[in-house]
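Numbering (the working numbering), first residue to last: 26 to 228.
Positions of the beta carbon are idealized from the N, C-alpha and C atoms, including for glycine.
Treat the numbers as computed from the prediction; the structure is a model and nothing was measured.
Data block below; observations after.
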């Protein structure tokens, strides 16, 4: 999902130029061997710089802004009819008699929207093995038709997995706000993420 850094392409191109220049005066067999070596080196560089985010790449205290999305009345109704069919989400007339005065989004709809923004912005490149659970989910304010939601996450801490030397655990806080800067949702997330290299001492 992320763009490959320009220096990777430059390095690959440079390797190709060097191979071409150095092959002058070689026999066909020698030139072919050189091409194989250069191809292998380029493939390894691509593997190392493919944008994947490993456990070691994540630093506590880092805050990432994940963009925003606007919630329409139709989206609120469609999600609720399928997954959370309460009148407060689906029936404008009934919702008008509620303390909110209009339909509001299901809290689970807000949660799903936030996950999509997280994945699109950053977490889609993370080498996630498994989600371990979410904690302290709180809906602080209703989400109304036309609201624009923004998502940010902060890395709270990281630690090696005690049971899997090839992985580590990332603990992060996720905050969702509306266009007025009001917090509408908070939660904490825990993920098991692949390590770039196994933990020291692991067999």
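Tell me the DSSP bridge mates of residue i?
i	result
residue 212	199
residue 88	179
residue 153	218
residue 93	175
residue 113	Residue 113 pairs with nothing; no bridge assigned.
residue 101	Partner(s): none; residue 101 has no beta bridge.
Mark residue i as exposed unless 16 or more other C-beta atoms lie within 10 angstroms of its C-beta, in which case mark it buried.
i	result
residue 165	exposed
residue 99	exposed
residue 197	buried
residue 216	buried
residue 141	exposed
residue 103	exposed
residue 220	buried
residue 137	exposed
residue 68	Residue placement at residue 68 is flagged as unreliable, the pLDDT there being 42, under the threshold of 50; a coordinate-derived value is accordingly withheld.
residue 202	buried
residue 131	buried
residue 88	exposed
residue 135	buried
residue 161	exposed
residue 124	exposed
residue 75	exposed
residue 205	exposed
Check whether the Cβ atoms of residue i and residue j lie closer than 8 Å to each other.
i	j	result
residue 163	residue 211	yes
residue 129	residue 113	yes
residue 127	residue 121	yes
residue 139	residue 83	no
residue 155	residue 80	no
residue 180	residue 214	no
residue 174	residue 97	no
residue 199	residue 157	no
residue 169	residue 218	no
residue 183	residue 194	yes
residue 224	residue 167	no
Grouping DSSP H, G and I as helix and E and B as strand, with all else coil, what is residue i?
i	result
residue 131	coil
residue 217	strand
residue 192	strand
residue 139	helix
residue 68	Per-residue confidence for residue 68 stands at a pLDDT of 42, beneath the threshold of 50, marking its modelled position as unreliable; the derived number appears in the next sentence. Helix, per DSSP.
For a minimum of 3 consecutive residues, which ranges assigned as the beta strand (DSSP E) are wholly contained in the region 158-190? 173-185
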